[in-house]
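One rule links them: number in the working numbering = place in the sequence shown (from 1) + 385.
One structure is given below, encoded as structure tokens.
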Amino acid sequence: MEIRHSSHPADVKQYDTAKLRQHFLIEGLFRDDKITTVYTHEDRVIIGGAIPLNKTLTLETEAALKTEYFIERREAGFMNIGGEATIEVDGERYELGKLDTLYVGKGARQIKLSSREAGNPAKIYFVSSLAHAVYPTRKVSVREANTMNLGSIETSNERTIHQIIHENGVQSCQLMMGVTLFKPGSVWNTMPAHLHDRRMEAYLYFDMKPDTRVFHFMGQPEETRHLVIANEQGVISPSWSIHSGAGTGSYAFIWAMAGENYTFKDMDVVGMDELK
Numbered sequence: 386m387e388i389r390h391s392s393h394p395a396d397v398k399q400y401d402t403a404k405l406r407q408h409f410l411i412e413g414l415f416r417d418d419k420i421t422t423v424y425t426h427e428d429r430v431i432i433g434g435a436i437p438l439n440k441t442l443t444l445e446t447e448a449a450l451k452t453e454y455f456i457e458r459r460e461a462g463f464m465n466i467g468g469e470a471t472i473e474v475d476g477e478r479y480e481l482g483k484l485d486t487l488y489v490g491k492g493a494r495q496i497k498l499s500s501r502e503a504g505n506p507a508k509i510y511f512v513s514s515l516a517h518a519v520y521p522t523r524k525v526s527v528r529e530a531n532t533m534n535l536g537s538i539e540t541s542n543e544r545t546i547h548q549i550i551h552e553n554g555v556q557s558c559q560l561m562m563g564v565t566l567f568k569p570g571s572v573w574n575t576m577p578a579h580l581h582d583r584r585m586e587a588y589l590y591f592d593m594k595p596d597t598r599v600f601h602f603m604g605q606p607e608e609t610r611h612l613v614i615a616n617e618q619g620v621i622s623p624s625w626s627i628h629s630g631a632g633t634g635s636y637a638f639i640w641a642m643a644g645e646n647y648t649f650k651d652m653d654v655v656g657m658d659e660l661k
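Next comes the structure, spelled out in structure tokens:
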């Protein structure tokens, strides 16, 4: 488990490209027969990925958690972006196709990840946040999500937001999670930009061609920075930072949030005249 500490916006103003990437970019999440995790002190969220290629992988606790098992005091959302996956939670099996999501509530002792076919392995992305209440484990497909169509082709941001773990969907303690898909020709996500001061957010960009990149914009509205992101890389967005991006080609992204509030619309929109 890699540990990332919180950063103050006044300090981030001084970061060069290498330091920005070191603190906020997540690379190498998906490795064959390995579970990779990053613990960020931004709302104590854990971001992880796995490719269970030739064996079943068990999500073990980490020394940093000081718990008997991984989600003893947590909840987690697992989304599959690869071939058919199986997730076993305390002996109960759940089959996940591409973009299917499994919410696992606080207190599940054993979580196992596997692929249906080694020739087309699953790629399982997950986000875990602290939890103080227990909600039932539940699988949901992207077709069952609460769906919003936003943007337009004229502004290059016509997109469909699938809210999955959410106040109007799968119930959780504080975790929210979903996926955004784009109409052909649209490249901008989350623009106009916004802030939500009482929760952090994490993105995973995926379904990108090898030579496609997303220019992800972050920082305070009056002091923006950017990261150049490749396929299946993630980004940590602190509560004080905008989070928006534009791709050189088609892409999709998973978003997940955790923090004090639990309302998707609780945000402060940043006007285009405020961005610098």
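Ideal placement from N, C-alpha and C gives every residue a C-beta, glycine not left out.
What is the DSSP secondary structure of residue i, reduced to helix, strand or coil?
i	result
H547	strand
E586	strand
R528	helix
V655	coil
V572	coil
E608	strand
D401	coil
A578	coil
R416	strand
Cβ atoms of residue j and residue i: under 8 Å apart, would you say?
i	j	result
K491	I436	no
A641	V512	yes
G630	F591	no
V555	Y488	yes
I472	L498	yes
Y588	G634	no
A578	I627	yes
T565	A637	yes
S624	H581	yes
R494	Y520	no
M585	S557	no
I550	L535	no
From the DSSP secondary-structure annotation, give me the bridge partner or partners of residue i.
i	result
E387	V423
W640	G563 and Y588
V519	Looking at the DSSP assignment, V519 forms no beta bridge with any residue, so it has no partner.
I411	G619
I538	I538 pairs with nothing; no bridge assigned.
I509	A435 and N465
H601	L612 and G630
Looking at the C-beta of residue i, does it have a partner C-beta in chain D at a distance below 8 Å?
i	result
S624	This model lacks chain D altogether, as it is built from one protein chain only.
At a cut-off of 7 Å, would you count residue i as near the ligand MN, judging by its Cβ distance to the nearest heavy atom?
i	result
F600	The ligand MN is not part of this structure, which contains no ligands at all.
What ranges does the beta strand (DSSP E) occupy inside the stretch 426-480, keeping only unbroken runs of at least 3 residues that lie completely in it? 430-435, 459-465 and 470-474
Please list the segments of the beta strand (DSSP E) lying wholly inside the stretch 481-506, counting only runs of 3 or more residues, in order along the chain. 486-489 and 496-500
Three or more C-beta pairs under 8 Å: does that hold for the stretch 603-613 against the stretch 524-541? no
Should the stretch 568-575 be called in touch with the stretch 433-450, which here means at least 3 C-beta pairs below 8 Å? no
Check whether the stretch 460-467 and the stretch 503-519 are in contact - that is, three or more C-beta pairs closer than 8 Å. yes
Below 8 Å, can you find three or more Cβ-Cβ pairs linking the stretch 419-438 to the stretch 491-507? yes
Specify whether the stretch 410-430 and the stretch 393-401 touch according to this definition: at least 3 beta carbon pairs, one from each stretch, less than 8 Å apart. no
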